[in-house]
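S.K.: Here it is, the structure in full.
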Amino acid sequence: MTLLYIVLATTAGGALSVLIAASLTLAVLGRVVKSLVSLSAGVLLGTALLHVLPEAFESGAEPSALFSTLLGGLLFFWLLEKAELYRHDHHHGHDGHDHHHHFDAEQAGRGGLSVLVGDTVHNFCDGIIIAAAFLADPSLGWITAMAILAHEIPQEVGDYIVLLGAGFSRRKALLYNAISGLAAVLGGVLGYYLVVPWQALLPYLLVVASSSFVYVAVADLLPQLQRRLSFKDTVAQVAWLAAGLGLVLLAAAGRHSH
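Heads up: the sequence shown begins at 1 in my numbering, then just goes up one per residue.
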């Protein structure tokens, strides 16, 4: 059943992002992405600091080794980003950035491949993280999958908007997003078979998962929320972030009640 849960959880993010992108207009998608960025920042930080890291430190592993792993994980994801293989900045139409007229077309030709490669590597890593969490504790697996899902939807929808603005057809952009999402399933399945024989590594994999969540939240999502906004938009932003933390706290309460 654990493998089935992993496959279902890793499939959900890609499937939902494609469904949302296919069913909504670009204007609505832009508003959805802005709201979900705040929500996912709260979910990622809450999951990493309130669930995954405590689980790793309660395993009995040496704390200094776990902190070293956390530091190594943060540096590892930073290096992947430097190589444009883990994360990328999203550009959305009408986002207030002053890009020249042919910006999107140039991005498609020059950066489109790195966007797709980066998403694929990111999704593959997410799959391994989900597998490790399920193997540690099924309830932790679902909470981790929720955190990844909260980030995956705005990321994939943002990529879809970029590809459309760069001249891709809706069908082609959706197809690329769907193929990229399958990397999470592959990572989850491979992670299951690789982690099972090495149960002693689970605490360290959980710390790596936490470093991924913290890095994405601090290096990508929170800087996007630092832009100067109207009072109304700021309140909405804080409310969505608080809602993300609230979801994690509710999940924590449900998990500890069992």
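Built from N, CA and C at the ideal position, the CB exists for glycine as well. Since the model is a prediction, treat every value here as computed from it, not as a measurement.
Around the C-beta of L229, are 16 or more other C-beta atoms found within 10 angstroms, so that it is buried, or is it exposed?
M.R.: So L229 ends up on the exposed side.
S.K.: Could you have a look at G60 and say whether DSSP puts it in helix, strand or coil?
M.R.: In the structure shown, G60 sits in coil (DSSP, three-state: anything other than H, G, I, E or B).
S.K.: Which runs of the alpha helix (DSSP H) spanning at least 4 residues fall entirely within the region 3-65, listed in chain order?
M.R.: As far as the region 3-65 is concerned, its whole alpha helix (DSSP H) runs of at least 4 residues are 26-47, 53-57.
S.K.: Would you report the Cα separation of L4 and L182, rounded to the nearest angstrom?
M.R.: If you take the alpha carbons of L4 and L182, they lie about 15 angstroms apart.
S.K.: Taking 8 angstroms as the cut-off, does the region 20-31 touch the region 39-47 (at least 3 CB pairs, one atom from each stretch)?
M.R.: The answer is no - the region 20-31 does not touch the region 39-47, with fewer than three Cβ pairs under 8 angstroms.
S.K.: Could you pull out every unbroken alpha helix (DSSP H) segment of at least 4 residues lying fully inside the region 137-205, listed in chain order?
M.R.: For the region 137-205, whole alpha helix (DSSP H) runs of length 4 or above, ordered along the chain, are 138-165, 170-195.
S.K.: Give the secondary structure of A83 by DSSP, where H, G and I count as helix, E and B as strand, and everything else as coil.
M.R.: Of the three classes helix, strand and coil, the one that applies to A83 here is coil, per DSSP.
S.K.: Let's test the definition: count the other Cβ atoms within 10 Å of the Cβ of Q265 and tell me whether it reaches 16, buried, or not, exposed.
M.R.: Nothing about residue 265 can be reported from this structure: the residues present for the chain run from 1 to 258 only.
S.K.: So what's Q226 in DSSP terms, helix, strand or just coil?
M.R.: Coil, per DSSP.
S.K.: Given 8 angstroms as the limit, is there contact between the region 49-58 and the region 183-192, that is, 3 or more CB pairs closer than that?
M.R.: Segments in contact, no.
S.K.: Report the three-state DSSP secondary structure of A251 (helix, strand or coil).
M.R.: DSSP places A251 in helix when its eight states are reduced to three.
S.K.: Spatial neighbours of V157 within its chain, please: C-beta separation below 7 angstroms, excluding the five flanking residues on both sides.
M.R.: Within the same chain, V157 has close Cβ partners S17, I20, A21, L29, V32, V33.
S.K.: By the 10 Å Cβ neighbour count, where 16 or more other Cβ atoms means buried, how is V248 classified, buried or exposed?
M.R.: Looking at its Cβ environment, which holds 16 or more other Cβ atoms inside 10 Å, V248 is buried.
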